[in-house]
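Colleague: Sequential numbering of the sequence shown, starting at 371, is according to our numbering.
Quick reminder that beta carbons are idealized off the backbone N, C-alpha and C, glycines included.
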Amino acid sequence: MDKFTKFTQNVSTSWTPFANKVGSSFTQYKQMATESLGSAQVTELPRDYVELEARYEAVRRTVQALVRQATQYSASPASFDMQAQLATLTTRMGKQTRDASGPQVTEPLTEQHEMGRTALTAAEPIGLEAPLGAALFKFGSIETKVGDLRRTHNTQIQRSFIAPLQDILDTSMGLAQNARKHVQAMRLTLDARKAALQGAKAEQLDVVRREVEHAEDAFVEAVSEAMRVMRAVVESPVLVACIAEIVKAQKVFYKEAAALLEELEPEIEEIKVTQDALYRHDNSL
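(1) Are the CB atoms of Ile527 and Tyr624 nearer to each other than 8 Å?
(2) Look at Ala489 and His552 and say whether their C-beta atoms are less than 8 Å apart.
(3) The alpha helix (DSSP H) spanning Lys508 covers which residue range?
(4) Find the nearest neighbour of Glu484 within the set Leu539, Glu615, Phe509 and Ala628, judged by alpha-carbon distance.
(5) Along the chain, where does the alpha helix (DSSP H) that runs through Ile496 open and close?
(6) Contact check, Arg563 vs Ala585 under 8 Å by CB: the rounded distance?
(7) With distance defined between alpha-carbon atoms, name the residue in Ala504, Asp418, Thr441 and Ser594 nearest to Leu634.
(8) For the alpha helix (DSSP H) that contains Phe589, what are its first and last residues?
(9) Below 8 Å, can you find three or more Cβ-Cβ pairs linking the segment 511 to 529 to the segment 541 to 551?
(10) Can you tell me whether Glu414 is helix, strand or coil according to DSSP?
(11) For the ligand FMN, any of its heavy atoms closer than 7 Å to the Cβ of Gln536?
(12) Taking the alpha-carbon positions, what's the Ala425 to Arg521 distance?
(13) Kindly list the residues whose CB is nearer than 8 Å to the CB of Val437, restricted to its own chain and excluding five residues on each side of it in sequence; keep chain order.
(14) May I have the straight-line CA-CA distance separating Glu615 from Leu498, to the nearest angstrom?
(15) Taking the C-alpha atoms as reference points, what is the distance between Leu560 and Val582?
(16) Can you check whether the CB of Met556 is closer than 8 Å to the CB of Val603?
(17) Count the other C-beta atoms from every protein chain shown that fall within 10 angstroms of the C-beta of Arg598, then say buried if there are 16 or more, exposed otherwise.
(18) In its own chain, which residues sit with a C-beta less than 8 Å from the C-beta of Val433, not counting the 5 before and 5 after it?
(19) Determine the burial state of Leu558: buried for a count of at least 16 other Cβ atoms within 10 Å of its Cβ, exposed for fewer.
(20) What separation, rounded to the nearest whole angstrom, lies between the Cα atoms of Glu640 and Gly517?
(21) From what residue to what residue does the alpha helix (DSSP H) around Gln568 run?
(22) Round the Cβ separation of Pro501 and Leu648 to the nearest angstrom and send it over; I've been treating them as touching at under 8 Å.
(23) When the Cα atoms are used, what is the spatial distance from Pro607 to Ser530?
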């Protein structure tokens with residue numbers, strides 16, 4: 371009997387928080403249904419909250435878009451990846467032994483690497499002594515170097531731009547999203563309590579009135595907390611710092627890539643002049 375009594379007490383203790391949670395959710399859902407029919411008064415959110423929420427939402431959507439668009443820097447084009455995978459697979463099939471020290475990591479290709487590889491592959495059968503072969507070799511060599519710069523640029527953006535922004539989405543903005551949901555839940559509970567007060571019997575007025583007061587306090591607290599976490603996101607210096615990092619990474623890449631191409635341009639122009647002269651000579655005979 372003592373064991374049964376203890377068991378029932380434990381069940382009662384465990385059931386109470388769950389029952390309260392279910393009851394609270396039911397009250398909120400019921401209030402939502404009533405509001406959807408247009409037959410309930412809705413407590414307005416403070417103007418400061420509404421304005422801050424609009425700013426926060428604009429920032430959140432912008433960060434999501436920037437992360438989505440910047441992911442192009444952290445992955446190779448699909449066609450290049452497929453070619454790299456096929457080449458890697460062929461190489462592995464031809465090997466009789468493997469390095470047992472650990473898995474090899476293949477760095478992602480870039481458009482410049484693919485262009486350079488195509489040019490270098492074509493240069494040899496065409497002939498390095500021919501103007502076209504020489505031009506392809508020089509172009510492919512420089513384009514590969516530009517690809518290396520681009521890969522460094524991509525890594526920098528992944529580390530200094532995408533990663534911190536994604537961290538904000540997962541942490542600070544995650545807290546803010548939960549806080550916004552909590553505000554909505556507390557607002558629904560408050561309006562449900564207000565509706566119950568209007569229809570309460572005389573002997574229930576004191577109890578229901580206290581429930582309204584508690585709901586008001588919870589609503590105010592929820593609004594205050596949500597504003598705090600949303601303001602922390604909107605005013606965070608990390609967002610501007612991330613923009614500064616991507617600007618810096620792009621400046622370095624374009625500057626160094628331009629320097630390589632400036633060296634290449636006169637060499638290609640010289641080959642072009644030679645090719646034009648040979649062509650005119652051959653066609654004048």
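Modeller: Here's the rundown:
(1) In this structure, Tyr624 does not lie closer than 8 Å to Ile527 by Cβ.
(2) Taking 8 Å as the cut-off, the Cβ atoms of Ala489 and His552 do not count as close.
(3) Looking at the DSSP string, the run of the alpha helix (DSSP H) that includes Lys508 is Pro501 to Ile527.
(4) Closest by alpha carbon: Phe509.
(5) Secondary structure note for Ile496: its alpha helix (DSSP H) is the uninterrupted segment Glu481 to Ile496.
(6) Rounded, the Cβ-Cβ distance is 4 Å, consistent with contact.
(7) For the set Ala504, Asp418, Thr441 and Ser594, the Cα lying nearest the Cα of Leu634 is the one of Ala504.
(8) Boundaries of the alpha helix (DSSP H) around Phe589: Leu575 to Val604.
(9) Look at the beta carbons and you see the segment 511 to 529 not touching the segment 541 to 551: under three pairs across the two are nearer than 8 Å.
(10) Glu414 falls in the coil class under three-state DSSP.
(11) Here there are no bound small molecules, and the ligand FMN is not part of this structure.
(12) The amino acid occupying residue 425 in the given sequence is Arg; Ala does not appear at that position. One C-alpha to the other measures close to 35 Å.
(13) Ile532, Leu535, Gln536 and Leu539, listed in sequence order.
(14) Straight through space, the alpha carbons of Leu498 and Glu615 are spaced by roughly 41 Å.
(15) In a straight line, the C-alpha of Leu560 is about 6 Å away from that of Val582.
(16) For Val603 and Met556, no; Cβs fall outside 8 Å.
(17) Looking at its Cβ environment, which holds fewer than 16 other Cβ atoms inside 10 Å, Arg598 is exposed.
(18) Answer for Val433: Leu535, Ile538, Leu539, Met543 and Leu609, listed in chain order.
(19) Leu558 should be labelled buried.
(20) Distance between the alpha carbons of Glu640 and Gly517: 24 Å.
(21) The continuous alpha helix (DSSP H) containing Gln568 extends over residues Ser542 to Gln568.
(22) About 7 Å separates the two Cβ atoms, so the contact holds.
(23) Pro607 and Ser530 have their C-alpha atoms roughly 14 Å apart.
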